[in-house]
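In UniProt numbering, the protein residues as written are 1 to 216. Cβ atoms here follow ideal geometry from the backbone N, Cα and C, with glycine treated the same way. Quick caveat, the model's predicted, so the values are computed rather than measured. What follows is a short report on a single structure.
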């Protein structure tokens, strides 16, 4: 099917281009999203009449998108999910999830703007492209982890937190607690010893004791 592109479509063409696409792609995506018109004389004439306004509107949207990119580029969003020891998620993270996470971070992004080629099924740091405008995009990172703590560790190390990492972290935490308990016990023991010394009756010196004996 031949269509007239109403905006730039990646790997397809620029605004105003007449291109051939599969009928299903046109009917299910391009036409309902108003990204294209059927290529016929009537639509060609309509496009030419509206070209100036369409290009002006496109320029305005592009400038708005470029302003958003300044805040969005390099953003990392955290998505907490359950997963097995292998790192495989019990479920997945899709474009809707990422769009909601970015919006919660303070930048409104629609699901259709999240250019995710496939759903995310594993823990880790996943690069994601946000298509704000046909000519403007930003790159963000989806940090998928079992918890906020693991997300922080993944962000710092750049890799997935493994079972061995968690075991070592637990051992380190236990050792830290034991060290604190031991320190407190030592301090309490020192205080008790100090209190005992301060309350004990002073003993007379040896010379004083001899003098007291002679006087007696």
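Item: As assigned by DSSP and simplified to three states, the class of residue 107; Value: coil
Item: DSSP bridge partner residues for residue 21 (one or two, in chain order); Value: Answer is none; residue 21 lacks a bridge partner.
Item: Neighbourhood of residue 66 by C-beta, 7 Å cutoff - its chain only, sequence neighbours within 5 removed; Value: 136
Item: Exposure label - residue 91; buried when at least 16 CB within 10 Å; Value: exposed
Item: Straight-line Cα distance separating residue 64 from residue 54; Value: 15 Å
Item: As assigned by DSSP and simplified to three states, the class of residue 124; Value: strand
Item: Residue 242 - DSSP class collapsed to helix/strand/coil; Value: For the chain, the structure presents residues 1 to 216; residue 242 sits outside this window and is missing.
Item: Residue 25 versus residue 174 - alpha carbon distance; Value: 58 Å
Item: Residue 130 versus residue 119 - alpha carbon distance; Value: 15 Å
Item: Extent of the continuous beta strand (DSSP E) to which residue 62 belongs; Value: Looking at the DSSP string, residue 62 is not in any beta strand (DSSP E); the run it does join, the alpha helix (DSSP H), is 41-72.
Item: Residue 96 and residue 111 closer than 7 Å at C-beta; Value: yes
Item: Within 7 Å, strictly: CB atoms of residue 77 and residue 39; Value: no
Item: Residue(s) in a DSSP beta bridge with residue 102; Value: BP columns for residue 102 are empty, so no partner.
Item: The region 31-38 contacting the region 1-12, beta-carbon criterion three pairs below 8 Å; Value: yes
Item: Within-7 Å CB hit, residue 137 to chain B; Value: In the structure shown, chain B does not exist; there is a single protein chain.
Item: DSSP state of residue 216 mapped onto helix, strand, coil; Value: Bear in mind that a pLDDT of 49 at residue 216, under 50, signals an unreliable position, so the model cannot answer this.
Item: Residue 12 and residue 18 closer than 7 Å at C-beta; Value: no
Item: Bridge partners - residue 36, DSSP secondary structure assignment; Value: 5
Item: Secondary structure of residue 183, DSSP reduced to three states; Value: helix
Item: Distance between beta carbons of residue 82 and residue 124, contact taken as under 8 Å; Value: About 15 Å; that fails the 8 Å criterion.
Item: For residue 143: DSSP bridge partner residues; Value: 78 and 125
Item: Rounded C-alpha distance that separates residue 14 from residue 127; Value: 26 Å
Item: C-beta atoms of residue 32 and residue 1 nearer than 7 Å; Value: no
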